[in-house]
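Colleague: Each residue of the sequence shown is one higher than the one before, starting from 15 at the first, in this note's numbering.
First the structure, then my questions, so here it is.
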Amino acid sequence: VTTNRIDALTEGLLKAEPVSVARLISWAENRDPRIEEVLRRVYPRTGQAYRLGITGPPGGGKSTLIAKLAVTFRDRGERVAVVAVDPTSPFSGGALLGDRYRMLDLVADPGIFIRSMATRGSQGGLASATVDALDLLDAAGFTMVLVETVGVGQVELDIAETSDTVVVVLVPESGDSIQAMKAGLMEIADLFVVNKADREGADRLAQALESMLDLHARGDRPRPEVLTAAAAKGAGIEEIADAATRHRRGLEAAGDLERRRRRTMKQRLLGEARRALVARFEGGDGEALEELLDRVARRETTPHDAAREMMAAIEGRGTPPARKD
Ligand SMILES: Nc1nc2c(ncn2[C@@H]2O[C@H](COP(=O)(O)OP(=O)(O)OP(=O)(O)O)[C@@H](O)[C@H]2O)c(=O)[nH]1
Ligand SMILES: [Mg+2]
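This is the structure:
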């Protein structure tokens with residue numbers, strides 16, 4: 015029965031049937047073990063989608079911008095998926111999907127898929143579930159995946175890590191705090207958009223960003239372009255799509271896209287290994303772990319040697335010799 019379900023959903027996914035896509039993303043989100051079998055089957059088909067991450071402070075107009083950008087890329091022949099990752103919401107499945115995406119519902123085009131995902135706040139949970147979801151969309155044949163995250167904390171870094179191109183959306187009011195702007199956003203941006211340019215101060219902020227970029231040449235990476243937009247009015251959208259495409263072509267021409275993706279893949283691989291390892295130790299009743307912990311607590315062994323013992327147990331041989339360095 016289970017296999018039939020996996021068969022049916024996988025088949026639906028490969029045909030980009032929205033119900034199947036949505037169900038499987040829920041599996042990914044809920045860490046349903048069946049997702050692993052689905053990914054095993056569809057992974058060979060992935061690697062085609064381009065991942066455009068859009069981040070920035072709350073309320074900057076990211077969703078408004080993405081909705082317009084989705085239509086622009088669709089018009090350009092892409093099959094577009096939008097994933098809004100909400101690091102604060104315990105809800106998911108589109109229940110709390112921002113108002114800004116409603117306009118996309120009106121499009122009623124199977125070439126546009128929208129989904130929000132909650133992060134569940136568990137360490138590493140977001141990254142893992144989201145990246146799985148991106149693979150599913152990739153396998154479903156979406157060629158352009160737009161990922162929205164609010165630019166706070168670790169989340170934006172995770173998303174930067176999984177995006178091919180990162181767009182940082184700021185607003186004129188960000189100008190006051192640009193000096194204090196987190197180094198994080200500065201580091202991850204491949205493209206800056208000063209949105210709400212219908213307001214006072216957008217050009218000034220754009221200038222300030224340019225000056226900042228003059229000071230912070232980032233060696234190996236191309237200098238980010240700085241654009242202005244008024245997403246709510248649909249102004250500047252084509253230019254953003256163009257600039258993102260230029261960044262993409264630049265990465266592709268230099269072989270950087272493959273390098274970037276390989277680096278991401280390495281982090282993901284290590285992350286999965288870490289999770290598997292931890293699950294193994296915490297598995298069952300976690301009794302062995304508790305016993306080891308007791309011995310560390312009684313100072314009978316060091317955490318280092320205890321960890322080595324854990325690894326040795328997994329490798330099924332004796333305790334490896336301590337490092338000599
Ligand atoms: N004046 C002006 N308002 C805009 C513009 N773009 C978006 N807004 C408004 O800004 C508000 C926030 O827009 P969203 O698109 O929801 O912003 P967001 O960055 O996705 O917000 P969060 O997801 O909550 O972080 C809404 O009221 C939009 O109508 C713009 O170009 N000019
Ligand atoms: Mg939003």
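The beta carbon of each residue, even a glycine, is placed where N, CA and C say it ideally should be.
Note down the Cα distance separating L5 from M200, rounded to an integer number of angstroms.
Modeller: With the chain represented from 15 up to 339, any question about residue 5 goes unanswered, as that position is not in the structure.
Colleague: What would DSSP say about A320, mapped onto helix, strand or coil?
Modeller: Reduced to three states, the DSSP call for A320 is helix.
Colleague: Measuring alpha carbon to alpha carbon, tell me which of V183, T163 and P186 ends up nearest E175.
Modeller: It is T163 whose Cα lies nearest to the Cα of E175.
Colleague: Cutting at 6 Å between CB atoms, please list the residues of its own chain near M158, excluding the five before and the five after it.
Modeller: For M158, where only same-chain residues beyond five positions count, the Cβ hits under 6 Å are Y64, F87, E92 and V94.
Colleague: Does the distance from the C-beta atom of L118 to that of A81 stay below 8 Å?
Modeller: Their beta carbons are under 8 Å apart, which means L118 touches A81 by this criterion.
Colleague: Helix or strand or just coil, what does DSSP make of E214?
Modeller: Note: E214 maps to coil in three-state DSSP.
Colleague: Answer yes or no: the CB of A132 versus the heavy atoms of ligand 2, is any distance below 7 Å?
Modeller: No - ligand 2 has no heavy atom lying nearer than 7 Å to the Cβ of A132.
Colleague: Compute the Euclidean distance between the alpha carbons of S225 and A143, then round it to the nearest angstrom.
Modeller: Cα to Cα, the separation comes out at about 38 Å.
Colleague: To which residues does DSSP link D100 through a beta bridge?
Modeller: DSSP, once it has assigned bridges, lists A132 as partnering D100.
Colleague: Using only the heavy atoms of ligand 2, determine whether one of them is closer than 7 Å to the beta carbon of D77.
Modeller: A small correction: the amino acid at residue 77 is Ser; Asp does not occupy that position in the sequence shown. The answer is yes for S77.
Colleague: Nearest by alpha-carbon distance to A243: which of G215, A220, L66 and K210 is it?
Modeller: Considering only alpha carbons, the answer is K210.
Colleague: If you compare alpha carbons, which of E266, Y57 and I126 is closest to E36?
Modeller: According to the sequence shown, residue 36 is Ala rather than Glu. It is I126 whose Cα lies nearest to the Cα of A36.
Colleague: Would you say the beta carbon of A153 is closer than 7 Å to some non-hydrogen atom of ligand 2?
Modeller: No, the Cβ of A153 stays beyond 7 Å of every heavy atom of ligand 2.
Colleague: Under 7 Å from any heavy atom of ligand 2, does the C-beta of R245 make it?
Modeller: The sequence shown places Ala at residue 245, not Arg. No, the Cβ of A245 stays beyond 7 Å of every heavy atom of ligand 2.
Colleague: Measuring CB atoms only, is the region 262-274 touching the region 284-294, in the sense that at least three cross pairs come out at less than 8 Å?
Modeller: Output reads no: the region 284-294 does not touch the region 262-274.
Colleague: Where G74 and L148 are concerned, what is the direct C-alpha to C-alpha distance, given to the nearest angstrom?
Modeller: Cα to Cα, G74 sits roughly 24 Å from L148.
Colleague: Ligand 1 heavy atoms versus the CB of N209: any closer than 7 Å?
Modeller: Indeed, a heavy atom of ligand 1 lies less than 7 Å from the Cβ.
Colleague: Do A320 and R313 have their CB atoms nearer than 8 Å?
Modeller: In this structure, R313 does not lie closer than 8 Å to A320 by Cβ.
Colleague: Count the other CB atoms, across all protein chains shown, that sit within 10 Å of the CB of T69; report buried if there are 16 or more and exposed otherwise.
Modeller: So T69 counts as buried.
Colleague: Could you spell out the range, first to last residue, of the alpha helix (DSSP H) harbouring F206?
Modeller: Segment L205 to V208 is the beta strand (DSSP E) holding F206; no alpha helix (DSSP H) there.
Colleague: Going straight from the alpha carbon of R280 to that of T17, what length do you get?
Modeller: First, the residue type needs correcting, since residue 280 is Lys and not Arg in the sequence shown. Cα to Cα, K280 sits roughly 30 Å from T17.
Colleague: Using the Cβ count rule (16 or more neighbours within 10 Å means buried), how would you classify A267?
Modeller: Result: exposed.
Colleague: Measuring alpha carbon to alpha carbon, tell me which of E305, A222, V97 and G26 ends up nearest K76.
Modeller: For the residues E305, A222, V97 and G26, the minimum Cα distance to K76 belongs to V97.
Colleague: Verify the contact flag: V164, CB atom, against every heavy atom of ligand 1, threshold strictly below 7 Å.
Modeller: The answer is yes for V164.
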